[in-house]
Amino acid sequence: MFDSEETYRKILFTCFGKNIKIKQSTLIAAGNINQGIHLETSEGDFFLKLNFSQNPDIFEREASGLLLLKQNCPLKIPQVYNYGSFEDRNFLLLEWIGSGRSNTQYWDELGEGLAQLHMATAELFGLEEDNYIASLNQNNNKSTSWTTFFIENRLEPLIGKAYYDQYISAEFLERFRKIYYKLDSLFPKEKPALLHGDLWSGNVIKGKTGNPVLIDPAVYYGHREMDLAFSRLFGGFDERFYQAYDDVFPLEPDFENRIPIYNLYPLLVHLHLFGKSYLPGIEKTVNLLLA
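See the structure below:
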């Protein structure tokens, strides 16, 4: 029989090398992939993530992404204490953030902070290592061209998998690939920017003082408009966020017209995670590009 409290104690011992008393443990998130547990202990509060993923490095990659954000972003990023595997579970132990109401500068701070993150650059698009977006592998093979990177590492792996998994027909696969020839002329030419990579409202939380905190990244060096497009996919952020971002790091003209192109990637991710209800959005963008 699974003894959760004993498992938590052993994980804490693994992380800190000493016995730590658990005062209370509370399950606060139980999604398709991870469990999130608030641990109140004699040494303070922690956030413990657990999963049963067959990818034993999934939390190692998340920890690496959080560290990269912390090194390059003025926004609050949770501290990583440790990660690893225990019995049949992977774990990631993080700083407990808590929660509060948004302060009056919340959206301005988030916009300005993201703009500063995007000023961190690299010679090539990609990353030294592959990682994950949710539970899906995310290829980060480096390229000098954003268009090449976007096609070969973001679109092609997932549209090919969609055909293999019978979400789409051979005819739609062929039609989808026809958009590749149009993309290079549509993207502004910019330097690679360090991206959060999975920037939607669920991955920005409010800290105790009401400040924005970034969590659950899928980092790589890409086109900065990817993060901003992703942020608009599920309702978007307050307009003050976009204005504050643009005041610090203005976008090239016609960004609004490019949003659906960038969001082909997160829509493909959601197609694989949650099913065919996300296919119409992909079809709509393909039809617009090929019209």
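Under the numbering used here, the residues of the sequence shown are numbered 11 to 301, in order.
Heads up, the beta-carbon is just placed ideally off N, CA and C, and yes, glycines get one too.
>> Going by the DSSP bridge assignment, what does residue 96 pair with across the sheet?
In response: Numbered from 1 along the sequence shown, position 86 holds the residue referred to as residue 96. Answer is 99, bridged to residue 96.
>> Rounded to the nearest angstrom, what separates residue 136 and residue 97 at their Cα positions?
In response: Residue 136 sits at position 126 when you count from the first residue of the sequence shown. Residue 97 sits at position 87 when you count from the first residue of the sequence shown. Their Cα atoms are separated by approximately 33 angstroms.
> Should the region 138-157 be regarded as contacting the region 101-117, the criterion being three or more beta carbon pairs within less than 8 angstroms?
Replying inline: no
>> Measuring only the C-alpha atoms, how far is residue 263 from residue 65?
In response: Within the sequence shown, residue 263 is the residue found at index 253, counting from 1. Within the sequence shown, residue 65 is the residue found at index 55, counting from 1. Residue 263 and residue 65: Cα-Cα distance of roughly 41 angstroms.
> Name the DSSP bridge partner or partners of residue 105?
Replying inline: Here residue 105 refers to the residue found at position 95 when the sequence shown is read from its first residue. Residue 105 is bridged to 56.
> In chain order, what residues of the same chain lie with their CB nearer than 6 angstroms to the CB of residue 95, ignoring the 5 residues before and after it?
Replying inline: Here residue 95 refers to the residue found at position 85 of the sequence shown. If we look at residue 95 and ignore the five residues flanking it on each side, its Cβ neighbours are 66.
> When DSSP builds the beta bridges, which residues end up paired with residue 50?
Replying inline: The residue you call residue 50 lines up with position 40 of the sequence shown. According to DSSP, which records beta bridges pairwise, residue 50 is partnered with 34 and 55.
> Mapping DSSP to helix, strand and coil, what is residue 142?
Replying inline: By one-based count along the sequence shown, residue 142 stands at place 132. Residue 142 falls in the strand class under three-state DSSP.
>> Within a Cβ cutoff of 8 angstroms, which residues of the same chain sit near residue 15, ignoring the five residues on either side of it in sequence?
In response: Taking the sequence shown and counting its residues from 1, one reaches residue 15 at position 5. Answer for residue 15: 32 and 35, listed in chain order.
> Do you know how far the Cα of residue 211 is from the Cα of residue 247?
Replying inline: On the sequence shown, residue 247 is found 237 positions in, with the first residue counted as 1. On the sequence shown, residue 211 is found 201 positions in, with the first residue counted as 1. If I take the Cα positions, the gap works out to 7 angstroms.
> Quick one: Cα of residue 11 to Cα of residue 17, how far?
Replying inline: The sequence position of residue 11 within the sequence shown is 1, counting from 1. The sequence position of residue 17 within the sequence shown is 7, counting from 1. Residue confidence for residue 11 is low, a pLDDT of 39 falling below 50, so the modelled location carries little weight; the figure read from the coordinates is stated next. Each residue's alpha carbon lies about 12 angstroms from the other.
> residue 290 to residue 221, Cα distance in whole Å?
Replying inline: Counting from one through the sequence shown, the residue named residue 290 turns up at place 280. Counting from one through the sequence shown, the residue named residue 221 turns up at place 211. Just so you know, the alpha carbons of residue 290 and residue 221 end up roughly 36 angstroms apart.
>> Beta-carbon within less than 6 angstroms of residue 223's beta-carbon, same chain only, minus the 5 sequence neighbours each way: which residues are those?
In response: Residue 223 sits at position 213 when you count from the first residue of the sequence shown. If we look at residue 223 and ignore the five residues flanking it on each side, its Cβ neighbours are 86, 107, 215 and 217.
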